[in-house]
Amino acid sequence: MEIKVELHTHTKYSHDSLLNKWMYLLMLKIKKINVVAITDHNEIKGAKKFQPFLEKYGIKVILGEEVFSTRGEIIGLFLNKKIPAGLSPRETMVRIKEQGGIVYIPHPYDEKRYKTVLAEEEIRANNDLIDIIEVHNGRNIKPYFSDNQLAIAQKYRKVMSVGSDAHTIFELGRNYNVMKEFDNGLEFYNSLKEARFVKKECLQIAHSITKVDRVIRMIRKGNFNELFRIINKRYSRKYKKASK
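Numbering that gives the first Met the number 0 puts the last residue of the sequence shown at 243; the count rises by one with no breaks.
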């Protein structure tokens, strides 16, 4: 039987999302998603907390984490414990493999989020450890970002996937992989080789909502110094452009 599998999603345990378990359940049920990979930034706590709740309602959860290495982001799927941020790309991948996990490279090309993109030289150097490369990301603001991501995956001959990168309720269920059922990581990997992709263009408003979410979280934590720093930085850039 074919199922809908949504990869690369974020919950309120990421620094830039406020998605709770009820929002997940509502939208995934509406969109008839069967399996979701929860991959919070540098955290696995959300995936572990959401898993029993969502699986009670028939939505299978893949435990994952989007880890910020020294050269960009790397996702580990089918994990059981958190991997620390700030390691080299290779050490990050090795630690994913030590857990029997799958190494997944998200958005390998994105001019907007260049700080988080894993450098292609690192993809080349660590090709032996990489399992999957994302060929379309639901937050790509330009269609050619996906074209370049596809070219990278083809260049390194990797299994391809679609990742929603959902941070808001509106993004859940828009980008997913249609594939055969699986019971473990190896079966998932083999099934993904034959998957069909359902892709939608980026909801531009989602990026704005994410910025608001970050501000709300800073206010809740009382992190006003960081908030003022970001505001000053943003307005300083605008002032410099206007004065030229």
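Even glycine gets a Cβ: it sits at the ideal position worked out from N, Cα and C.
Go ahead and pull the three-state DSSP assignment for residue i.
i	result
L76	strand
Y155	coil
T91	helix
G45	helix
K3	strand
I82	coil
Y23	helix
I132	strand
A36	strand
K31	coil
R195	strand
E110	coil
I122	helix
Can you say whether residue i is buried or exposed, counting buried as having 16 or more other CB atoms within 10 angstroms of its CB?
i	result
R94	buried
Y143	exposed
F169	exposed
N183	exposed
L6	buried
K29	Residue identity check: residue 29 is Ile in the sequence provided, not Lys. Exposed: under 16 other Cβ atoms inside 10 Å.
A150	exposed
V156	Reading off the sequence shown, one finds Arg at residue 156, where the question assumed Val. With fewer than 16 other Cβ atoms within 10 Å, it is exposed.
R123	exposed
Measure the CB-CB distance between residue i and residue j and report whether it falls below 9 Å.
i	j	result
Y188	V158	yes
V60	F49	yes
K198	I2	no
K47	L24	no
L27	L171	yes
I73	Y175	no
N41	M92	no
Y108	I131	no
I43	L78	yes
G75	I101	yes
V4	A194	yes
_Segment contact, 8 Å Cβ cut-off, at least three pairs: the segment 50–63 with the segment 82–89_ = no
*Length-filtered (3 minimum) beta strand (DSSP E) runs lying within the segment 146–191*: 158–165 and 175–179
_Count Cβ pairs between the segment 12–22 and the segment 66–76 that sit closer than 8 Å; are there 3 or more?_
no
*Three CB pairs or more closer than 8 Å across the segment 159–168 and the segment 125–137*: yes
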